[in-house]
Each structure stands twice: as structure tokens, then as C-alpha cells.
Ligand code: NAD
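In the numbering used here, the protein residues as written are 126 to 808.
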């Protein structure tokens with residue numbers, strides 16, 4: 126066939142099916158049809174004693190064609206489960222020759238083969254939960270038969286791929302090889318045929334632990350799914366694997382498929398798929414030519430060894446990048462290094478890091494108090510105090526020693542990146558790299574593009590962010606960029622809500638019910654109310670309730686009281702009569718009549734203004750597209766992933782018209798401008 130994506134070749138008595146569907150051999154409708162045809166030929170050809178399924182290009186089948194989900198193509202026959210059954214019942218052994226990544230449907234295809242041979246560099250995984258799905262072609266039923274149910278549970282609920290070496294150790298693959306993978310798999314298959322070893326069909330394997338005792342399985346399932354932010358898919362995956370233990374093979378398979386189909390049509394998966402595509406889109410930067418080559422970054426200087434500088438240094442070291450960590454004094458450096466060591470030690474004691482890894486990462490860090498030591502750095506990130514004068518002083522010191530082409534990045538939260546750039550001799554080499562706390566954990570990286578930022582500098586910042594495992598989102602210069610600017614809009618009515626009749630615990634409960642990890646008042650108590658108090662004072666701003674709490678030394682958890690009250694040594698938030706009295710007395714003194722505030726009103730006065738700000742940000746071109754804003758909020762601020770990000774939620778769940786109308790009502794007195802719901806900007 127001309128242009129076919131699947132070919133069948135003969136290697137004597139072994140058939141070699143080669144899939145060639147760039148870029149990642151995704152299992153689209155056409156590929157499935159051609160593969161079915163090739164497999165049927167193998168089945169019917171008595172001169173072929175076995176078959177190897179291999180892929181051309183950089184990887185084995187890396188998954189389903191996600192763009193097909195929810196379209197008629199998804200249900201076009203043959204579907205993947207049919208292909209898997211066909212392979213399993215071929216009447217002759219099939220081996221998957223795996224290189225690159227065997228993910229999702231790709232791994233399910235391999236699981237239905239009788240053998241799996243993997244390249245040493247290969248990775249294997251069932252990441253469906255990351256798209257709000259579970260495997261739908263036998264993954265949850267065949268995998269536990271190979272690895273045991275508890276290992277399968279961990280692999281499917283986390284969605285994290287495993288290395289070929291680990292796959293071999295747990296029985297997921299039969300051999301790990303180097304060199305030409307297809308030839309190696311053919312050789313492997315020939316050996317089996319020579320030895321007359323009967324091919325294993327996973328469906329015939331019984332599962333232990335046996336049907337009676339599922340206590341430890343259930344306990345592990347509860348533990349793993351507790352961490353998955355209320356998403357349905359991880360729990361459904363655990364149920365599917367449980368079915369594989371207690372039900373006959375075909376019943377478990379049918380149950381898995383039904384759940385897969387239900388989830389793929391559900392809002393959660395649509396939202397997660399939106400975020401998946403959003404991440405791809407975010408890489409397309411207006412004005413940045415595709416293929417712009419980033420500058421080489423081998424050593425990064427980090428100035429300021431405080432909360433952010435320490436976290437950024439760790440994130441760099443974790444990505445195997447050399448770091449020079451600089452602070453003004455030895456004492457500050459020591460404090461910073463001690464914090465870094467404590468963090469790594471905690472990872473070691475949790476079991477997520479080996480001792481040697483900790484040592485290797487610490488060895489990446491060089492400490493210094495001398496700016497001259499930054500001369501060898503390809504990029505320098507400042508994370509010093511949030512003060513323009515201090516930032517400018519740091520720029521001048523770096524300018525004096527930096528090598529030509531070295532990039533200067535600022536981690537400022539709110540300050541004007543253009544003003545910082547203008548104070549440099551080379552504004553084209555200045556960019557914002559806004560990390561989120563803790564910087565070694567949080568995925569979001571706002572890459573702030575200044576007026577003069579060179580496209581190559583931008584490309585370098587994005588590529589460095591990706592190397593660090595971050596989700597880089599390019600934003601423009603304005604106060605607070607995308608995230609913090611919308612956060613300010615979200616919080617603008619918080620105190621008014623309290624004065625008019627809400628309570629901190631009511632507002633926080635509404636936020637948690639929405640899916641946020643916590644509400645704004647709990648958050649304030651946790652972070653320390655004194656921090657925003659200091660910021661307000663610096664800007665000449667006030668917040669009547671929070672200011673009074675701070676004047677009374679009520680900074681939140683660290684002082685035993687803030688919006689809530691805390692027993693010594695406890696973090697549980699208890700109703701605080703002193704804060705409540707402050708609220709009611711202040712309301713009375715301002716002549717504000719307290720009334721019952723509905724939960725809906727709380728949403729309308731916090732989240733709707735935040736959407737309005739997002740729309741304004743789009744209009745101003747500070748963000749290139751609505752989905753970039755969604756990435757910022759999901760990866761940096763805990764917006765519930767199941768709702769796809771604020772702009773997706775506003776458009777797909779809540780309705781723009783409704784938000785517009787309610788804002789018109791709430792903003793009436795203030796005259797604040799409201800976005801136009803017909804605006805294509807939100808799409
Ligand atoms: P921090 O006070 O914890 O740390 C600042 C460090 O900078 C201190 O160790 C200080 O000794 C050092 N420093 C100050 N001036 C210096 C100089 N001239 N040369 C060398 N070192 C100097 O502050 P932080 O919370 O890490 O914040 C740092 C920056 O990151 C600020 O711009 C802040 O707005 C931004 N930021 C903070 C957060 C956050 O959640 N804390 C999040 C994102 C961005």
C-alpha cells in the first residue's frame with residue numbers, strides 16, 4: 126500500500142510488523158486498521174511461526190491519538206481492545222520490540238503480546254490518569270498479572286513511567302537489550318521457538334493475593350488515591366485493578382472498558398486534556414521563530430540564598446546544572462545552605478532520594494559572597510529583597526563581572542522588569558524568571574518578556590525552565606504579571622465579605638468545596654499575615670481588618686492566632702472569637718449592616734473578578750492566550766485541575782454571560798470595567 130503506516134516484512138519464518146506513524150506512532154484510527162490487517166495476515170500465514178511488532182522513528186507507540194478522544198474517530202473500528210485480543214489469540218507468539226517510550230495504548234499493545242523486549246533506554250508507563258482516564262485496552266487487567274497487583278496499582282495511579290531496567294526487575298519485560306531492537310526481538314523469539322517454550326497468555330495467569338485477602342491492597346489503594354486532589358480517574362484505576370484480582374479476566378476487561386469510555390466523556394478528562402494541549406500551545410511564542418537556538422547554559426549564578434534563592438538553587442542542582450550561590454554575608458549563605466541540606470535530608474528520610482544523590486546535588490552548589498565569582502556564569506538569577514533599589518544595585522554588580530552573552534534574570538514578584546532591564550548595560554539580555562514557592566517543588570515558571578528581551582534570551586529561559594522540569598509560561602510586564610495580578614483581584618473583596626456578614630471559615634469552606642487546597646484566610650494564617658502587612662505599608666495601602674490583627678501581634682499560625690486560633694503545637698484552625706469580635710465591631714463602626722452571605726455570593730465576588738482580570742490581561746496582550754493563564758493557575762496557585770484552569774472554567778463550566786451579568790451587578794457602584802463575553806480572547 127502506498128504511504129502505509131504499517132508494513133509487514135518477512136525475516137524467514139518470523140513476521141516483522143513495523144509501525145511508522147511520526148512523530149510518536151500514536152494509535153490513530155488508520156494505524157489501528159492497518160495493524161489489524163497485518164496481524165490477520167500473520168495469523169493466516171502458516172509459514173510464519175511468530176511475529177515481532179516494532180516501530181520506526183524515535184519511539185515505540187507512545188499512546189493513543191489524544192486528538193481523537195471524544196470524536197467519532199475514537200470509536201472507529203477496529204478499536205484497541207480488538208487488536209489486543211487478536212494478538213493474544215494469534216496462535217503463534219508475538220513479541221513487542223520496545224524503544225523510546227511505550228505509553229498508554231502503546232504499552233497495552235505490548236502487554237497483549239506474549240513477550241516484551243526493551244531497549245536499555247526505553248521507558249514504559251500507563252499515564253492515562255494524567256488525562257483523567259484509565260487504561261482502556263486491558264492495561265489494568267494484564268499489567269497486574271505480570272507485576273503483581275500492588276506494583277501495578279502504584280504504576281497506574283501515579284501514571285509515572287518506569288525504566289527498562291525496573292520493568293525487567295518487576296517482570297514487565299522479558300529482556301533488556303542494546304543495539305537494533307527489532308533484530309534483538311526476532312532473535313529472542315527464535316530462541317523461544319527453538320526451545321519450544323509455550324507462549325504465555327496473560328489472561329490465563331491467576332492473580333495473587335487471592336480473592337479473600339485484599340486488606341493490604343485496599344490500604345495501599347486508599348493511601349495512593351488520597352494524594353490525588355479529588356480526581357476520579359486514580360480511584361477508578363484502583364477499582365479496575367481490584368476487579369482484575371477478584372473477577373474473571375473477561376469481566377474485568379469489560380469493566381475497565383466501560384469505565385474508560387465513561388471517563389473519556391466526562392468533564393474531568395476534558396479539562397485535563399485541555400491542560401495537556403495548553404502545555405503544548407504554551408511553547409508557541411508570538412514573535413519567536415520556531416527553532417530559535419537557545420544559548421548554552423552550563424553554570425547558573427543565584428543571588429540571594431533566602432527562601433526563593435535556596436529553592437531555585439535546588440531546582441537547578443536537581444536538573445544537574447552547576448550553581449554558584451551568592452549572598453551578601455557568610456551568615457546568610459550558611460543559613461541558606463543549611464536550609465537546602467535540611468530539605469535534601471528530608472527527601473532522603475522520606476525515601477524519595479538516595480544518599481548518593483543528595484551528595485551529588487550538594488556537590489553541584491558552590492557558595493560565594495564575591496560577585497567576581499559570577500564571571501563564569503551563563504545566566505544569573507537574582508532572588509534578593511523585593512526592593513527596586515536593591516535590584517538595581519545587583520544588576521550593576523553583575524554587569525561589572527558578567528561575560529558577554531550572559532543572561533540576567535530577575536525573580537521579582539511585582540516589580541517592573543523593564544525598569545530593572547533599563548538599569549543594565551545590556552537590557553536585551555534581561556528577562557524575568559518568576560519561580561513559585563517552594564521553587565524546587567512548584568511547576569510554574571512565569572517567563573517575563575521585557576520590552577527589550579532578545580528572542581534568543583527568551584528561548585534560553587524557556588529551555589532552561591523545561592530542563593528544570595518546570596512548565597514555563599511566557600508573560601508580559603505588568604504589576605504582578607499574570608498570577609499575582611489575578612490573585613490580587615481574587616482577594617480584593619475578602620475583607621468586605623467579612624464586614625458584610627461572612628466569616629473566615631465560611632469563605633475558606635467555599636474555596637475548599639470549589640477544589641482549592643485551602644481558602645484565602647487559612648492561607649494568610651499559614652504564610653504569616655505580617656508579610657502582606659509589610660508590603661501594604663511599603664505601598665501606603667491598608668486593609669482595616671488584617672492591619673488590626675497585625676498591630677495586635679496576631680500574625681497567624683506562628684503567633685497562635687490570626688484569622689483563626691491555634692492550640693500550641695497544632696496547625697488546626699479553630700474559630701477565633703477575638704477575630705470575630707474585631708469583624709463585627711469594625712462593621713458596626715463603619716455602619717455596615719451584617720447579613721447572611723450565600724456561598725454563591727462568595728464565588729461571585731472572588732472568582733468572577735479574577736476572571737475579569739484574566740480577560741483584561743488577555744486584552745492587554747500580557748498573556749498570549751487564555752490557556753496560558755490556565756497553566757499559570759493550575760501549576761502555581763492550586764486552581765483545581767479537574768476544572769481546567771480559571772479561563773476554561775469560566776468559559777466551559779460557568780458561562781461567560783453569567784459571569785458578565787453578575788459582575789455588572791457587583792461592580793455597579795465601583796464603575797470598574799468588565800470584560801466583553803463575546804470576546805474571542807477567552808477562546
Ligand atoms: P528572602 O528574604 O528569603 O531572601 C533574600 C535573600 O537575599 C537574603 O538571603 C538576603 O541576604 C539576600 N540579599 C539581599 N540583598 C542582597 C544583595 N545585594 N546581594 C546578595 N544577596 C542579597 O526573600 P525571598 O522570599 O526569597 O524573595 C526573594 C525575591 O523573590 C523577591 O524579589 C520576592 O519578591 C521574590 N519571590 C518571592 C516568593 C515567595 O513566595 N517568597 C515567590 C516568588 C518570588
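Positions of the beta carbon are idealized from the N, C-alpha and C atoms, including for glycine.
Residue i versus residue j: straight-line alpha-carbon distance, rounded
i	j	result
residue 126	residue 194	Residue confidence is low: residue 126 scores 48 on pLDDT, short of 50, so the model does not pin down where it sits. Its coordinate-derived value is still stated next. Taking the straight line joining both Cα atoms gives about 27 Å.
residue 215	residue 237	10 Å
residue 355	residue 391	15 Å
residue 747	residue 139	58 Å
residue 605	residue 792	22 Å
residue 430	residue 651	22 Å
residue 348	residue 341	11 Å
residue 741	residue 600	13 Å
residue 800	residue 743	10 Å
residue 758	residue 644	15 Å
residue 210	residue 323	18 Å
residue 394	residue 277	22 Å
residue 672	residue 659	10 Å
residue 656	residue 683	12 Å
residue 260	residue 267	11 Å
residue 763	residue 557	22 Å
residue 136	residue 412	50 Å
residue 402	residue 756	10 Å
residue 234	residue 806	41 Å
residue 418	residue 734	39 Å
residue 510	residue 566	21 Å
residue 516	residue 246	44 Å
residue 367	residue 255	20 Å
residue 427	residue 529	18 Å
residue 728	residue 610	18 Å
residue 505	residue 564	16 Å
residue 295	residue 272	5 Å
residue 458	residue 489	15 Å
residue 768	residue 258	15 Å
residue 472	residue 598	28 Å
Test item: CB-CB of residue i and residue j under 8 Å
i	j	result
residue 239	residue 203	no
residue 187	residue 226	yes
residue 687	residue 400	no
residue 220	residue 310	yes
residue 274	residue 250	no
residue 736	residue 784	yes
residue 165	residue 141	no
residue 362	residue 301	no
Proximity winner among the options, relative to residue i (alpha-carbon distances)
i	options	result
residue 182	224, 445, 157 and 372	224
residue 615	589, 632 and 508	632
residue 711	767, 621, 593 and 495	621
residue 653	680, 531 and 667	680
residue 439	593, 402 and 379	593
residue 385	722, 365 and 147	365
residue 491	516, 449, 720 and 482	449
residue 766	505, 200, 396 and 447	396
residue 723	371, 626, 550 and 294	626
residue 573	452, 659, 545 and 698	545
residue 244	198, 303, 459 and 253	303
residue 508	248, 576, 481 and 425	425
residue 581	416, 467, 538 and 313	416
residue 409	674, 612 and 584	584
residue 538	197, 353, 570 and 381	570
Neighbour-count burial assignment, residue i, 16 or more Cβ in a 10 Å radius
i	result
residue 776	buried
residue 422	buried
residue 130	buried
residue 798	exposed
residue 474	exposed
residue 790	exposed
residue 676	exposed
residue 176	buried
residue 264	buried
Ordered list of alpha helix (DSSP H) runs contained in the region 192-256, each at least 4 residues | 205-213 and 230-237
What are the uninterrupted segments assigned as alpha helix (DSSP H) that are 4 or more residues long and contained completely in the region 483-571, given in chain order?
-> 513-526 and 542-547
Where are the beta strand (DSSP E) runs, 3 residues long or more, that stay fully inside the region 674-721, in chain order?
-> none
Taking only runs of the alpha helix (DSSP H) that begin and end inside the region 570-597, which ones reach a length of at least 4 residues, in chain order?
-> 580-592
Taking the runs of the beta strand (DSSP E) that are 3 residues or longer, which of them lie wholly in the region 373-443?
-> 424-428
Taking only runs of the beta strand (DSSP E) that begin and end inside the region 246-310, which ones reach a length of at least 3 residues, in chain order?
-> 248-250 and 300-302
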